[in-house]
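Please read the structure below before turning to the comments.
Protein chains: 2
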Amino acid sequence: MSELAELAHPVTDRIVDMIASGSLVRAERIKEVEVSEKLGVSRIPLREAMRTLESQGVLEARERGGMNVRAFTAAQIQELSDVRAALEPIAMRAAVPALQEKPNRIALNAIIEEMKWAVEQRDRRGIAAADIDFHSFLIELSGNDLIGNIWSGLRLQMQIVFRLELCVPTNLEHVAPKHLALRDVLFRGDLDGLEASIADHVRPEIRPST
Amino acid sequence: MSELAELAHPVTDRIVDMIASGSLVRAERIKEVEVSEKLGVSRIPLREAMRTLESQGVLEARERGGMNVRAFTAAQIQELSDVRAALEPIAMRAAVPALQEKPNRIALNAIIEEMKWAVEQRDRRGIAAADIDFHSFLIELSGNDLIGNIWSGLRLQMQIVFRLELCVPTNLEHVAPKHLALRDVLFRGDLDGLEASIADHVRPEIRPST
DNA sequence: GTTTTAATGAATGTATACAAAAATAATAAT
DNA sequence: ATTATTATTTTTGTATACATTCATTAAAAC
Chain Y
5 MSELAELAHP VTDRIVDMIA SGSLVRAERI KEVEVSEKLG VSRIPLREAM RTLESQGVLE
65 ARERGGMNVR AFTAAQIQEL SDVRAALEPI AMRAAVPALQ EKPNRIALNA IIEEMKWAVE
125 QRDRRGIAAA DIDFHSFLIE LSGNDLIGNI WSGLRLQMQI VFRLELCVPT NLEHVAPKHL
185 ALRDVLFRGD LDGLEASIAD HVRPEIRPST
Chain L
5 MSELAELAHP VTDRIVDMIA SGSLVRAERI KEVEVSEKLG VSRIPLREAM RTLESQGVLE
65 ARERGGMNVR AFTAAQIQEL SDVRAALEPI AMRAAVPALQ EKPNRIALNA IIEEMKWAVE
125 QRDRRGIAAA DIDFHSFLIE LSGNDLIGNI WSGLRLQMQI VFRLELCVPT NLEHVAPKHL
185 ALRDVLFRGD LDGLEASIAD HVRPEIRPST
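Here the protein sequences line up with chains Y and L, keeping their order.
Under the working numbering, think of the first position of the first sequence as 5, with each following residue one higher.
Under the working numbering, think of the first position of the second sequence as 5, with each following residue one higher.
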């Protein structure tokens with residue numbers, strides 16, 4: 005029991021990993037002893053982590069006790085896009101000043117290059133990861149704590165949806181040019197074009213453009 | 005130990021009550037044994053509830069262990085309004101169909117009457133409570149699970165901010181007529197007027213109108 | 001053979017217990 | 001008197017343990 009830091013937060017991340025890797029499957033009750041042993045901790049920190057993930061919309065409480073990986077309806081997936089389209093313009097607008105600094109521009113470009121590479125490799129998972137990184141970085145740059153906190157939940161929910169492929173298999177190659185366009189608008193500081201660019205980018209996952 | 009339901013969820017509500025009533029004070033470490041004994045439970049369900057409230061933005065982890073009631077900066081309070089102004093139009097738009105049904109109209113009117121009464125009594129806390137009820141009801145009617153979930157956290161954060169009166173003491177009497185106007189727009193189904201009405205209503209808490 | 005009932009097994013939910021760490025108080029030194 | 005250092009007390013964090021409830025299987029009745 006010689007822990008320098010608490011276990012609940014790291015365990016939260018590891019549960020997410022297990023979902024992403026398919027160890028924890030949707031709609032199936034999570035067996036606490038099994039998972040806690042696999043993670044090398046007791047059920048106490050595991051359950052605390054599960055509470056966090058519950059309120060982040062990753063897990064959901066079952067009718068008669070226990071939890072499972074949340075199952076998303078089509079409507080709930082649509083809601084994810086709608087909320088992103090509403091919140092991200094606020095964050096990106098706030099991120100514009102920080103994007104005047106070169107180190108931040110370089111970091112954003114690096115993420116874009118990461119995606120280009122994934123596109124070349126036809127690595128769908130890599131593309132999705134780079135996509136999320138792009139938005140996470142801008143939200144962090146925005147300094148908006150509230151949207152950052154909401155995003156931390158949205159991000160995980162999206163990862164589950166992507167993983168389970170409940171969502172229409174979008175042509176992810178179209179995401180890269182959208183990011184390029186968005187970056188240019190942000191670097192330029194063209195706030196008027198922002199809303200349209202973001203909405204155009206966030207939504208097509210559901211309604212793929214022609 | 006003969007409990008029919010789990011304790012963590014009810015304990016979550018009771019912690020919120022303790023914050024609202026001033027038993028738990030901002031920026032002060034929450035003593036788990038003290039609170040758990042007061043609530044008549046052990047530290048286990050208390051800590052699970054605290055994890056939930058942590059990710060809802062009500063509590064925050066301290067540097068070296070433990071948690072306290074979250075302290076809000078002025079910027080974070082502004083963020084609350086911004087996010088509300090972005091999300092509530094989506095929910096209210098979705099609530100319009102449900103507001104064609106008489107029972108829902110009656111219920112909404114009842115909440116408005118509740119606020120009128122609080123205004124007459126000059127009961128600031130009552131006004132604030134009715135205000136939150138108004139928005140909670142519409143969000144629930146919208147059927148948007150995601151915004152409902154986000155709102156459950158926002159609502160608690162706002163209650164803390166109101167309680168601590170970090171926020172500019174708005175002339176709460178102005179809230180009632182705004183609700184009336186919003187109701188009329190919603191009943192009419194005048195979607196174009198929605199965004200403006202909501203933004204006008206949600207924001208003045210920070211920038212009080214003349 | 002099907003349905004109902006009992007019985008066994010497993011899994012959750014929480015209380016107790018203990019070790020590590022932090023905060024506080026007390027003592028010593030300058 | 002003030003600061004530094006040590007000792008004491010509190011408090012967190014987690015493991016263990018147990019009671020209750022849920023699920024599954026076996027048995028019995030019809």
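Virtual Cβ for every residue (Gly too), placed ideally from N, Cα, C.
Top-ranked residue by Cα proximity to residue i, from the options
i	options	result
residue 14 of chain Y	Y/32, Y/49, Y/31	Y/49
residue 165 of chain Y	Y/55, Y/18, Y/63	Y/63
residue 1 of chain L	Y/155, Y/158, Y/150	Nothing can be reported for residue 1 of chain L: it is not among the residues displayed for chain L, which extend from 5 to 214.
residue 43 of chain Y	Y/179, Y/18, Y/93, Y/199	Y/18
residue 167 of chain L	L/73, L/60, L/39, L/89	L/73
residue 102 of chain L	L/200, L/206, L/191	L/191
residue 30 of chain L	L/59, L/161, L/116, L/114	L/161
residue 156 of chain L	L/99, L/107, L/61, L/104	L/61
residue 140 of chain L	L/24, L/112, L/38	L/112
residue 20 of chain L	L/163, L/206, L/37, L/52	L/163
residue 206 of chain L	L/118, L/84, L/133, L/12	L/84
residue 159 of chain Y	Y/24, Y/118, Y/178	Y/24
DSSP bridge partner residues for residue i (one or two, in chain order)
i	result
residue 71 of chain L	L/65
residue 30 of chain Y	Y/73
Span separating the alpha-carbon of residue i from that of residue j
i	j	result
residue 9 of chain L	residue 68 of chain Y	9 Å
residue 197 of chain L	residue 189 of chain L	7 Å
residue 26 of chain L	residue 131 of chain L	19 Å
residue 22 of chain L	residue 124 of chain Y	56 Å
residue 32 of chain Y	residue 146 of chain Y	37 Å
residue 127 of chain Y	residue 180 of chain Y	13 Å
residue 195 of chain Y	residue 138 of chain L	33 Å
residue 54 of chain Y	residue 193 of chain Y	41 Å
residue 56 of chain Y	residue 46 of chain Y	17 Å
residue 143 of chain L	residue 88 of chain Y	17 Å
residue 4 of chain L	residue 70 of chain Y	Summary: the structure shown does not reach residue 4 of chain L, with chain L confined to residues 5 through 214, and so no result is reported for it.
residue 170 of chain L	residue 80 of chain L	Bear in mind that a pLDDT of 46 at residue 170 of chain L, under 50, signals an unreliable position, so the number given afterwards is only what the model happens to contain. Each residue's Cα considered, the two are about 11 Å apart.
residue 28 of chain Y	residue 129 of chain Y	18 Å
residue 172 of chain Y	residue 183 of chain L	Caution applies to residue 172 of chain Y, whose pLDDT of 49 falls short of 50 and renders its modelled position unreliable; the model cannot decide the point.
residue 148 of chain L	residue 90 of chain L	14 Å
residue 107 of chain Y	residue 114 of chain Y	11 Å
residue 35 of chain Y	residue 76 of chain Y	21 Å
residue 204 of chain L	residue 95 of chain L	16 Å
residue 153 of chain Y	residue 59 of chain L	8 Å
residue 86 of chain Y	residue 86 of chain L	16 Å
residue 120 of chain Y	residue 201 of chain L	43 Å
residue 4 of chain L	residue 104 of chain L	Nothing can be reported for residue 4 of chain L: it is not among the residues displayed for chain L, which extend from 5 to 214.
residue 38 of chain L	residue 16 of chain Y	27 Å
residue 1 of chain Y	residue 134 of chain Y	Nothing in the structure corresponds to residue 1 of chain Y, since chain Y is present only between 5 and 214.
residue 40 of chain Y	residue 12 of chain L	20 Å
Subject >> Contact set between the stretch 39-66 of chain Y and chain L, restricted to residues whose Cβ is under 9 Å from the partner >> reply: For the stretch 39-66 of chain Y, residues whose beta-carbon sits nearer than 9 Å to a beta-carbon of chain L comprise 48, 51, 52, 53, 54, 55, 56, 57, 58, 59, 60, 61, 65.
**OP:** Output, in sequence order along the chain, the residues in the stretch 75-93 of chain Y whose CB is closer than 7 Å to any CB in chain L.
**Re:** 80, 83, 84, 86, 87, 90, 91
**OP:** Name, going along the chain, the residues of the stretch 129-163 of chain L whose beta-carbon falls closer than 9 Å to a beta-carbon of chain Y.
**Re:** 147, 148, 149, 150, 151, 153, 154, 156, 157, 158, 161
**OP:** Scan the stretch 121-181 of chain L and note each continuous alpha helix (DSSP H) run of 4 residues or more that stays entirely inside, going in chain order.
**Re:** 128-146, 149-168
**OP:** Closer than 7 Å, Cβ to Cβ, to anything on chain L: give me those residues from the stretch 11-41 of chain Y, in chain order.
**Re:** 12
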